[in-house]
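Colleague: Our numbering numbers the first residue of the sequence shown as 3 and each following residue consecutively.
Just so you know, even glycine gets a beta-carbon here, dropped at the ideal spot from N, CA and C.
Dumping the structure here so I can ask a few things about it.
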Amino acid sequence: MNPFIPLRLRILGAFSLLSAAVLGASLWLVGRSQTAQVEEGLRARLETTADVFAASLQRQERQLAASLELLGGDFAFKQAFSTEEKATIASAAKNFQTRISADVMWVTDEDGVLLVDTAGLLKTGRKAAALSPVDSALADKPATAIVVLGDAIIQVAAVPIKAPDIVGVLAAGFRIGDAAAGAIREMTKSDVSFAAAGSIRASSLKDADRALIAGHVSGMAAGSFGLMGPMGGRWLVLRRPVSSEVSAYIQRQWDAALEPVRELRRLLLIVGLASLGLTVLAGLLVAQGVTAPMEALAAVTRRLVLGDYDARVSVGRRDEVGQLAEAFNSMIDGLREKERIRSVLRKAVSKEIADELLKKGPIELGGEERTVTVLFSDIRGFTTISEGLPPKELVSQLNAYFKRMARAIEPHRGVIDKFVGDAIMALFGVPLSGPDDAAGAQRAALAMLAALAELNVERRAAGQPDWRIGVGLNSGAVVAGTLGSEERWSYTVIGDAVNLASRLEGLTKHYGAGVVVSRATRDAAAGADFLYRSLDLVRVKGKHEAIEVFELLGEELPAPAWLAPSERGIVRYRVGDLAAARTAFGEVLALKPDDALAKTYLERLAAQGERAPAGWDPAHTMDEK
3 MNPFIPLRLR ILGAFSLLSA AVLGASLWLV GRSQTAQVEE GLRARLETTA
53 DVFAASLQRQ ERQLAASLEL LGGDFAFKQA FSTEEKATIA SAAKNFQTRI
103 SADVMWVTDE DGVLLVDTAG LLKTGRKAAA LSPVDSALAD KPATAIVVLG
153 DAIIQVAAVP IKAPDIVGVL AAGFRIGDAA AGAIREMTKS DVSFAAAGSI
203 RASSLKDADR ALIAGHVSGM AAGSFGLMGP MGGRWLVLRR PVSSEVSAYI
253 QRQWDAALEP VRELRRLLLI VGLASLGLTV LAGLLVAQGV TAPMEALAAV
303 TRRLVLGDYD ARVSVGRRDE VGQLAEAFNS MIDGLREKER IRSVLRKAVS
353 KEIADELLKK GPIELGGEER TVTVLFSDIR GFTTISEGLP PKELVSQLNA
403 YFKRMARAIE PHRGVIDKFV GDAIMALFGV PLSGPDDAAG AQRAALAMLA
453 ALAELNVERR AAGQPDWRIG VGLNSGAVVA GTLGSEERWS YTVIGDAVNL
503 ASRLEGLTKH YGAGVVVSRA TRDAAAGADF LYRSLDLVRV KGKHEAIEVF
553 ELLGEELPAP AWLAPSERGI VRYRVGDLAA ARTAFGEVLA LKPDDALAKT
603 YLERLAAQGE RAPAGWDPAH TMDEK
């Protein structure tokens, strides 16, 4: 079951949700746009830093190569080299190192064996395999490269030493370390780190930040961007390969660059929350303007439900709500008049009939053919009872009886058509029909017997005699409608099925049965679990054809022991086997000594022989109603 949510809250919620959605979308879009702009700017700066760094390396390579070209052709150096004394060659190399401000100088012979290493990075007397430009220089091709020697990254240039043939190689290098990275940072405002073999070898970052970056460098693809570091202290990083072994990681602080975006978001949030507050206030005013008239309508509706047709709606507005109030008041006037008519009708007919007549509009004389089940009942010996009671007491007892019977009939969709003296006529299937009208009529008849039993307990306690009733039920086609004149009419049913139901009620005294039903009524309730007793084939007064009638014993009951011989006696009687019938009814009396039906048949059989005469007619003709 859906919970009740006030309309005011729904309107306020709609305003609030809409405003919150707009605010949230605005903050998201602005934040997304600004973040994208910041990222685009940072990427551009990182690319610029990478380009500046690359240009710096190229410029330094050219300067280093040019300086070495001059040194390699220097006459004094060639003389020192020709002495083949390592100390002399080393002294000359250190002199050159100072002149060009290099970090290291190397000298090899014509076989590439290292003679001098001014920084002690490589062992002398061995092939300088780590210095890749040496092989090119020995082939008379000056070359440069960035190599990794231990923990150092060095930019190397090498030229051949000719005398006039190539007799060795002169090489020099500049260390790419923290100082070089710091110089780039001073120039571009971007941090740079150099990594080889998955570890940072030089960086402009502090040691703590360098450790945070170190764990991420190995996973980046060349030329790609990535975010590194913890939340609140992240860097946007660009990886730019420097050589096959070395990559430069150029960084800009990401979270710091986003701080203006966050400040803008905070300002927008403050403005948005203020707007949301104003929107909620406006929503409250709109909701109040809409719901106040609705609450007035609801209050009047509740009064109408309680039967107060003097209630009026007053909203004092000249708009659609005011028109609604006027229409509602007009509806109340119509309901008041209709209720007045219904009140008058219910004094003459049942509630169901009154509602059906009012539903159809203006009452017109006429009827329609319907299939119904008709119930008739009366109090046995009522004439004698009425003679011994004062009129006022008689009316009081009858009203108590009718009240109990009405309560037994109406729960089973029965409509009381009329009370005639002590008799009741009830209809099942008009004005509203259902699939189980015949079953409902039989349940109502059983309920009437049960209600009478309770009433008799009270009557005995009051010193009054028990009452007994008989109920007759028949189903068939009737004409249902309003009959009479324009000035005086009644809603009822007429037809042969009605007359037969009345005759069946009269048979209850003859057969000693509480409820007598026709074959038509029994067949119409075939789906129910009723217990019947066959009574007779009978021609009621005014009918030429015999009908089969039954006594309704109850619902969902076990068959009593006397029922089987009774049914057998009926069958044998109808086929003319009178001796067998006499025996069967004798068995019934042995089991049920006061059985009226068995006594009735035995009286008939007493006037007959063992076998039925020719032309045997088992039907019994009733001479009285």
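#1: From the DSSP output, in three-state form, read off H546 for me.
#2: What's the gap between the Cα of I365 and the Cα of D424?
#3: Give the list of continuous beta strand (DSSP E) stretches no shorter than 3 residues that lie fully inside the segment 444-493.
#4: Ends of the alpha helix (DSSP H) at M407?
#5: Check for me: the alpha helix (DSSP H) holding P162 runs from which residue to which?
#6: On the DSSP letters alone, give me the boundaries of the beta strand (DSSP E) that G175 sits inside.
#7: My assumption, with CB atoms under 8 Å, is that T375 sits in contact with L475. Please give the rounded CB distance.
#8: Pick from L448, E42, E247 and T85: whose alpha carbon is nearest that of M407?
#9: Label A350 either buried or exposed according to how many other C-beta atoms from any shown protein chain fall within 10 Å of its C-beta, with 16 as the threshold for buried.
#10: Could you have a look at D596 and say whether DSSP puts it in helix, strand or coil?
#11: Please list the terminal residues of the continuous alpha helix (DSSP H) segment that includes A526.
#12: As a quick exercise: from Q253, E112, S205 and F176, pick the residue whose alpha carbon is nearest that of L123.
#13: For V346 and D531, what's the separation of their Cα atoms in angstroms?
#14: I'd like to check one pair, V194 with A250: are the Cβ atoms closer than 8 Å?
#15: If you draw a straight line from the alpha carbon of M189 to that of V54, how long is it in whole angstroms?
#16: G516: which of R382, V481 and S388 sits nearest, CA to CA?
#17: Can you check which of these residues, V109, A581 and L44, is closest to R236 by C-alpha distance?
#18: Enumerate, from N- to C-terminal direction, the unbroken alpha helix (DSSP H) stretches of 4 or more residues contained entirely within the segment 46-130.
#19: With a cut-off of 8 Å on the beta carbons, I'd call Q36 and L266 a contact; round off their distance for me.
#20: Residues in its own chain within less than 8 Å of S568 by CB, not counting five upstream and five downstream?
#21: Report the three-state DSSP secondary structure of E558 (helix, strand or coil).
#22: Do V481 and E371 come within 8 Å of each other at the CB atom, strictly closer than that value?
#23: How would you label M333, buried or exposed, when you count the other beta carbons within 10 angstroms and need 16 or more for buried?
#24: Mind checking which residues open and close the alpha helix (DSSP H) that includes Y575?
#25: Please list, in chain order, all residues of the same chain as T51 whose beta carbon is under 6 Å from its beta carbon, the five residues on each side excluded.
#26: In terms of residue numbering, what span does the beta strand (DSSP E) encompassing S195 cover?
#27: For the segment 466-474 against the segment 428-440, do three or more pairs of beta-carbon atoms, one drawn from each stretch, fall closer than 8 Å, so that the two count as touching?
#28: Would a C-beta distance cut-off of 8 Å place V302 and A284 closer than the cut-off?
#29: Take every Cβ of the segment 153-165, pair it with every Cβ of the segment 134-144, and state whether three or more of those distances are shorter than 8 Å.
#30: Thinking C-alpha only, which one of M222, F227, F196 and S277 is nearest R212?
#31: Hey, how far is the Cα of T623 from the Cα of P615?
#32: Pick helix, strand or coil for P135, following the three-state DSSP scheme.
#33: Any idea if W108 is buried or exposed, counting beta-carbon neighbours within 10 angstroms, 16 or more meaning buried?
#34: Report, in whole angstroms, the separation of the C-beta atoms of L565 and R584, which I expect to be a contact under 8 Å.
#35: Looking at C-alpha atoms only, which residue of A581, A104, T385 and L48 is the closest neighbour of R613?
#36: Does the distance from the CB of T494 to the CB of A443 come in under 8 Å?
Modeller: Quick answer:
#1: coil
#2: Caution is warranted here: a pLDDT of 45 is assigned to I365, below 50, making its placement in the model unreliable, and the coordinate value is therefore given only provisionally. Roughly 30 Å separates the two Cα atoms.
#3: 471-486
#4: P393 to I411
#5: Not the alpha helix (DSSP H): P162 falls in the beta strand (DSSP E), residues A154 to K164.
#6: I168 to R177
#7: 6 Å
#8: L448
#9: For A350, the predicted model reports a pLDDT of 48, less than 50, meaning its position is unreliable and no value from the coordinates is stated.
#10: coil
#11: R521 to A526
#12: F176
#13: Low confidence applies here, because V346 scores a pLDDT of 47, under 50, leaving its location unreliable; read the following figure in that light. When rounded, the distance between both Cα atoms is 40 Å.
#14: yes
#15: 9 Å
#16: R382
#17: L44
#18: 77-84 and 88-102
#19: 6 Å
#20: R535, S536, A586, F587, V590, D597, L599 and A600
#21: coil
#22: yes
#23: exposed
#24: L565 to V577
#25: T190, S192 and I252
#26: D193 to A198
#27: no
#28: no
#29: yes
#30: F196
#31: 17 Å
#32: helix
#33: buried
#34: In fact, because the Cβ distance is near 18 Å, the residues do not count as touching under 8 Å.
#35: A581
#36: no
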